[in-house]
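Taking it in order: structure first as structure tokens, then the write-up.
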Amino acid sequence: MNMINKLPPLAIAITLAISGCSSHPANENALRAAAYKNVINRSGAPHYMLDYDFDEHQRFNPFFDLGAWHGHLLPDGPEGIGGFPGPALLTEEYINFMADNFDRLSLYKNGEKVNFSMTAYSIPGALVQQLSAPGIQVNLTLRFATARTSLLETQIITDTPLELVWDGALLEKYYAKQQKPLSPETIEQAFPGYTRHILPTADGLRVTFGKVRASSQLMTSGQSEYQIHKSLPQQTTVNGHQFIAKANIKGSTTLYTTYSHLLTAAEVQQEQGKIAAILANPQQYMNASAQRWENYLGKGLTNPHATQAQERVAVKAIETLNGNWRGAAGAMKFDSVTPSVTGRWFSGNQTWPWDTWKQAYAMAHFNPDVAKDNIRAVFAFQIQPDDPLRPWDAGFIPDLIAYNPSPERGGDGSNWNERNTKPSLAAWAVMEVYNTTGDKQWLAEMYPKLVAYHNWWLHNRDHNGNGVPEYGATRDKAHNTPDGRMLFTVKRGQQEKTLAGLNNYDRVVRSGHYDNIEIPAQVAASWESGRDDAAAFGFIDPDQLARYLAQGGKRQDWQVKFAENRAADGTLLGYSLLQESVDQASYMYSDNKYLAKMADILGHSADAAAFRSKADKLADYINSCMFDSSSGFFYDIRIEDKPLPNGCAGKPIVERGKGPEGWSPLI
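Under this note's numbering, think of the first position of the sequence shown as -11, with each following residue one higher.
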């Protein structure tokens, strides 16, 4: 179908520490950001919706900013000149490329295409192209104006009339890894409901997307759109999944284009006024973006002794964290920060507490408002005593929250996870935000939430009640039967059988009649530590186990034990590994220490004294019970049926080897 429309005009924390603004100058080269070109490689040209590297990350690193849900690339060759390849769209919980180079600009003089030479680079906060040809100069600068809209300034310097032509085509190829196709299907064959239409509008075009609810690949509402608006009159022709737009200028011209990825009908409606305001005063938004990034760099690069190389690493950290920032959307009530915008399983607004604490600690130094909201986003889903699903977990923070809640929470997401939480570094992060902002109200807001989280650890994860929490797993359909018996699968030869109950589990372990036992609660406990499948939790490959046995070891050394945690009335609360982890004990020590500092500031003197007392006891316990003098290292300890005479729950699990958790007491 052809459509023509004649249009009217309209280090992270550590990294930052080794590195260290001014008002926005008129000349870009005077910006501090101009000293940090191409810190991250932003070039590329995607050919597939899923254009993965070896590890299922998108091969290219688009520029995202201001919490936006779309990103742009720089051209990686002459065929991309005049466009910003992509865009990449965040389709609720996943990153997918929409096009290889949508809205690419070409210029024609007297009917002949102008051949340009190109200089293209990124700086913190912007993508830049400088195109040169005899008698013609084109400068393109792309920045972000809102949490849903990017803004392109196109400055054309010419003494002669020119025809401007923009073109673009939606991608058709679906899936490749390391540039090798892994699926013969097109995008439409893989997702028949993902109907894509390009529609001309009064000042540009819109791309609409059909509804898809493929929970591990692509999720769209059926209302999402990608919109382009221009400040220059143009004539647009659409042919299926391709378009061409044309305009004419008589001489030097500066024009502006907005690009918006909007996920719902409500967002489409809400953004239109913002887009109109941007195009009414675009330079104001360009300047605001430049100044915002000058402020980030001014706050983040404060070490006068940092080398140039160290500063570039710090700038990379700032750019990465800001690029992983997502504006509130879907179920998420606040802006958040994800571990990786390009990673298949870490994109959208998927948010983990473990990553949040560390991200917020770093961002407190240059983007404290987002640091606060990232923490708020996590605590917005802290379980309350009246929770309809798990009231016994009051104070608990889910391991993963995202755009779409789980079916149990009324959504259709598959990433949302309440099987476990993450280590208790929340108070450490909250206190660092206070240290950089001096915001006492921030502490008052977070303190009761932190105390509830702290108490959850002691109530639901401290099986022997000695103040040293264990890692474990929640009461969950993945871990136990409806009547509360722990699930596990025994494998022997070609046979496997799923059983339930701790008594049955202990019986199988004692018998030795198994090749492997898969325990969902063990997996969740390793997730809870932030060290997935770590050796400290009994995970070992078959070849490694064979070598261990050949050296005289025992298979039982690698078989973990579990305990049920129950409330006073017998209610099952969840499960603990019967071992106390040195890293979690160290984190709990710091949790007590920082909560004591907050209590002092807020005038809760009794709380402060209690937290300090617990911190002192934990420090003594870690040094006395978790250190093995013969190897000179800290380890987890196995919880025995009765405490040892020295008060320790058990002895260090030296046989599973040294791991990075053993450094935790030093930090």
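We treat Cβ as the ideally placed atom computed from N, Cα and C, and that holds for glycine.
Residue range 570 to 590 is occupied by the alpha helix (DSSP H) that includes Lys581. Contact between Leu583 and Val439 is confirmed by a C-beta separation of about 7 angstroms, below the 8 angstroms threshold. Annotation: the continuous beta strand (DSSP E) that includes Val126 extends over 124 to 132.
Contact annotation: the stretch 162 to 173 does not touch the stretch 137 to 154, with fewer than three C-beta pairs closer than 8 angstroms.
Judged by DSSP in its simplified three-state form, Ser612 adopts helix. With a threshold of 16 other beta carbon atoms within 10 Å, Lys542 falls short and is exposed. Beta-bridge partners of Pro640 (DSSP): Ile625. Secondary structure of Pro169 (DSSP, three-state): strand. If you ignore the 5 residues before and after Thr142, its C-beta comes within less than 6 angstroms of the C-beta of Leu128, Leu243, all in its own chain and listed in chain order.
The alpha-carbon of Thr189 is positioned some 20 angstroms away from that of Gly71. Between Lys25 and Tyr96, the C-beta spacing is not below 7 angstroms. Remark: C-beta atoms of Leu250 and Arg136 approach each other more closely than 7 angstroms.
Nearest to Ala417 by alpha-carbon distance, out of Ile263, Met586, Gly288, is Met586.
When rounded, the separation of the alpha-carbon atoms in Gly526 and His229 is 52 angstroms. Ser601 carries a helical assignment under DSSP once its states are collapsed to helix, strand and coil. Counting other Cβ atoms within 10 Å of its Cβ, Glu255 reaches 16 or more and is therefore classed as buried. Sequence-distant partners of Gln205 (beyond 5 residues in either direction) whose C-beta falls short of 7 angstroms from its own C-beta, in its chain, are Tyr82. Secondary structure at Ser564: strand, using DSSP grouped into helix, strand and coil. Residues Ile186, Leu187, Glu213, Tyr214, Gln215, Ile216 of the same chain have their beta carbon placed closer than 8 angstroms to that of Arg194, with the five preceding and five following residues left out of the count.
Closest by C-alpha distance to Thr559, out of Gly638, Pro470, Ser619, is Pro470. The Cβ atoms of Gly311 and Phe132 lie no closer than 7 angstroms to each other.
Between the alpha carbons of Arg600 and Met274 lies a gap of roughly 50 angstroms. Ser564 sits close to His451, with the two beta carbons spaced by under 7 angstroms.
With fewer than 16 other Cβ atoms from the protein chains shown falling within 10 Å of its own Cβ, His501 counts as exposed.
Taken atom to atom, the span from the alpha-carbon of Asn492 to that of Lys437 is near 38 angstroms. Within a 10 Å sphere around the beta-carbon of Glu80 sit 16 or more other beta-carbons, which makes this residue buried.
Taking a cut-off of 8 angstroms on C-beta distances, the stretch 300 to 315 touches the stretch 37 to 53, as three or more cross pairs fall below it. Residue environment: Glu282 is assigned as buried (16 or more neighbouring CB atoms within 10 Å of its CB, all protein chains considered).
Between the C-alpha atoms of Ala596 and Ala573 there is a straight-line separation of about 19 angstroms. Cα atoms of Ile625 and Ala488: separation of roughly 26 angstroms, rounded to the nearest angstrom.
The alpha-carbon separation between Asn29 and Gly74 amounts to approximately 15 angstroms.
Spatial neighbours of Ile641 in its own chain (CB-CB distance under 6 angstroms, excluding positions within 5 residues in sequence) are listed in chain order as Tyr623, Asp624, Arg626.
In the assembly as shown, Gln117 is a buried residue. Its beta-carbon has 16 or more other beta-carbons within 10 Å. Runs of alpha helix (DSSP H) with 4 or more residues, each lying fully within the stretch 452 to 512, are found at 490 to 499, listed in chain order. A straight-line Cα-Cα distance of about 13 angstroms links Val27 and Leu62. Pairing Ala365 with Phe322 gives a Cβ-Cβ distance under 7 angstroms.
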